[in-house]
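Right, one structure below, let's go through it.
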Amino acid sequence: MAKMAASMVEGGEDAFRKIFKFYKRRNPPPDFSDVIDFSKRAPSDQVVPAALGPGGVSDVEAARVGLQPVRDWRAFGLQGYPGFMFISNPFLPGSQPSWVRQCLKIYPRKPNVCNLDMHMSPSDTQDIWDKSVHGLSCPPSGKTQPKTLLDRLRWVTLGYHYNWDTKTYSANHHTPFPADLHSLSSQIASACGFPGFNAEAGILNYYRSDSSLGIHVDESELDHSRPLLSFSFGTSAIFLLGGTRRQDPPTAMYMHSGDVMVMSGQSRLLYHAVPRIVAAPQGGPVSASETDGCGPLSQEDGSVVEPLSEQDRAACSRYTHSSRVNVTVRQVLGPGQSFPETPSSHQRTDAEQTEGRHGRPADGERGKRRRRSSSCDSVDTAET
Ligand code: OGA
Ligand code: MN
269 MAKMAASMVE GGEDAFRKIF KFYKRRNPPP DFSDVIDFSK RAPSDQVVPA ALGPGGVSDV
329 EAARVGLQPV RDWRAFGLQG YPGFMFISNP FLPGSQPSWV RQCLKIYPRK PNVCNLDMHM
389 SPSDTQDIWD KSVHGLSCPP SGKTQPKTLL DRLRWVTLGY HYNWDTKTYS ANHHTPFPAD
449 LHSLSSQIAS ACGFPGFNAE AGILNYYRSD SSLGIHVDES ELDHSRPLLS FSFGTSAIFL
509 LGGTRRQDPP TAMYMHSGDV MVMSGQSRLL YHAVPRIVAA PQGGPVSASE TDGCGPLSQE
569 DGSVVEPLSE QDRAACSRYT HSSRVNVTVR QVLGPGQSFP ETPSSHQRTD AEQTEGRHGR
629 PADGERGKRR RRSSSCDSVD TAET
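Numbering (the numbering used here), first residue to last: 269 to 652.
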């Protein structure tokens, strides 16, 4: 803690925002020595082993979604954050690229919704992957290439589509949730003590090296007794986990490729943010592409993770080398619950548009400015 000004960690008016800015700073770069790294053998005194539900998930079921047997997972809790769980990359070697391919090639397809739909016609956003992949699978030519649609992809929504303006989900904007991601989420939730978790909404955020995600709480779901799951692929990031009040000082941790986070119980409604994308620490884990690139994936019967074509593998590897994808999966409604007739009037009002309820990632300084001035699309309107 010596590296950060005492005023930052003690709390007070703006402790979270100060720490957010501390980690976002480029020049000079911040000291990362207080950032908890769950991939290390002894991450921090604050980290405790987490008990996983025994027998909830068979080895075969886990393997079908590309996960190691649950007994081999390295799962942790964090003192002071009951209900928060961090599973340090539980994926089987070779299975991450399949999930990355789903996130880049499959989930952006119709009927799912993405940021590019906001200002492009359906035919133009019809196949983002096919229109972009040529550049990603060729070695860099040295020339600056024009931005592809994949470069400009910032978010995708699945299932009940999150409305970024009203910050609500609704019954009349729903498409089928992807079965493979539903299954992966069920296995993770079961192992963490939440059998019957029903993945109903997904938000994928696509980060470039200068992107960040502002301080927010995910409270738009109607049933907060269900956990929120988060999957990270590609470059590492710093995640800040705060308290129930916006000013509570947060704890910083790395999220590496393959890491899974579960926010439940008292940690379900905590403020959090992603101030920075970082290269993996020296000697630490490397991106999904490098750790997982070549491992042959042995296929279980009924597997939802399929091997990649060479072209897809190369393109995914290129993408995850410099970019990050985060998938959050949410259950929106409790058993037997339905949407109210009119959108909920319960809204948390935060001083700034960039902070409060779930926001979209912003790119560098320009993204931040746009985010304040536009309620439609913060990230890429400048570029399309
Ligand atoms: C979110 C979120 C964190 C991340 O989408 O709500 O907090 O790691 N994402 O990108
Ligand atoms: Mn969130």
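Glycine included, every Cβ here is placed at the ideal spot set by N, Cα and C.
Bear in mind that the values here come from a model prediction, so they are computed numbers and not experimental data.
| Check | Outcome |
| --- | --- |
| Given Ser571 as reference, the closest of Gln413, Thr434, Asp448 once Cα atoms are compared | Asp448 |
| Near the ligand OGA: Thr503 beta-carbon under 6 Å from a heavy atom | no |
| Option in Lys308, Ala318, Asp419 with minimal Cα separation from Ser590 | Asp419 |
| Phe284, DSSP secondary structure in three states | helix |
| Status (buried if at least 16 other CB within 10 Å, exposed otherwise) for His266 | Outside the displayed span of the chain (269 to 652) sits residue 266, for which this structure offers no information. |
| Which of helix, strand or coil DSSP assigns to Gln550 | Confidence in Gln550 is poor, its pLDDT being 48 and thus under 50, which makes the residue's placement unreliable; the coordinate value appears in the next sentence. Here Gln550 sits in coil by DSSP. |
| Assumed close pair Leu346, Phe352 - CB separation to whole angstroms, cut-off 8 Å | 5 Å |
| Selection from Val595, Ser453, Glu578, Ser585 that minimises the alpha carbon distance to Met523 | Val595 |
| Rounded separation between Lys292 and Ala318 - CA only | 30 Å |
| Cβ neighbours of Phe354 in the same chain (closer than 6 Å, five flanking residues each side left out) | Phe306, Phe344, Met529 |
| Proximity below 7 Å, CB of Tyr428 to CB of Val600 | yes |
| Residue environment, Thr425, which counts as buried when at least 16 other CB atoms sit within 10 Å | buried |
| Residue interval of the beta strand (DSSP E) (run including Ala343) | 342 to 346 |
| Residues near Gly561 in its chain [Cβ-Cβ closer than 8 Å; skip 5 each side] | In this prediction, Gly561 has a pLDDT of 47, which is less than 50 and means its spatial position is unreliable; what the coordinates show is noted afterwards. The answer, listed in chain order, is Pro365, Arg581, Ser585. |
| Endpoints, the beta strand (DSSP E) within which Thr425 is located | 423 to 427 |
| The ligand OGA heavy atom lying under 6 Å from the CB of Asp392 | no |
| Opening and closing residue of the alpha helix (DSSP H) in which Asp581 lies | Reading the sequence as shown, one finds Arg at residue 581 and not Asp. Looking at the DSSP string, the run of the alpha helix (DSSP H) that includes Arg581 is 578 to 590. |
| Assumed close pair Pro297, Phe290 - CB separation to whole angstroms, cut-off 8 Å | About 10 Å; that fails the 8 Å criterion. |
| Any non-hydrogen atom of the ligand MN closer than 6 Å to Asp516 Cβ | no |
| Boundaries of the alpha helix (DSSP H) in which Ser453 is found, first to last residue | 447 to 459 |
| Residue nearest to Val325 in terms of C-alpha spacing, selected from Ser451, Glu468, Gly502, Phe284 | Ser451 |
| Residue burial classification, Asp313 (beta-carbon count within 10 angstroms, cutoff 16) | exposed |
| For Ser493 and Gly604, believed in contact at Cβ under 8 Å, the rounded distance | Actually they do not touch by this definition, with Cβ atoms about 13 Å apart. |
| Simplified DSSP state of Ser400, which is helix, strand or coil | helix |
| Beta carbon of Ser454 nearer than 7 Å to that of Phe465 | yes |
| Residue of Ser477, Asp395, Val573 minimising C-alpha distance to Arg592 | Ser477 |
| Close-in-space but distant-in-sequence residues of the same chain around Phe462 (CB under 6 Å, 5 per side omitted) | Pro495 |
| For Val316 and Lys399, the rounded distance between their alpha carbons | 46 Å |
| Close beta carbons around Asn357, own chain, < 6 Å, minus the five adjacent residues each side | Gly526, Asp527 |
| beta-carbon Thr588 near the ligand OGA non-hydrogen atom, thresh 6 Å | no |
| Rounded Cβ spacing between Tyr475 and Pro376 (contact assumed at less than 8 Å) | At roughly 15 Å, the Cβ-Cβ gap does not stay under 8 Å, so Tyr475 and Pro376 are not in contact. |
| Local Cβ density within 10 Å of Gly362, reported as buried at 16 or more and exposed below that | buried |
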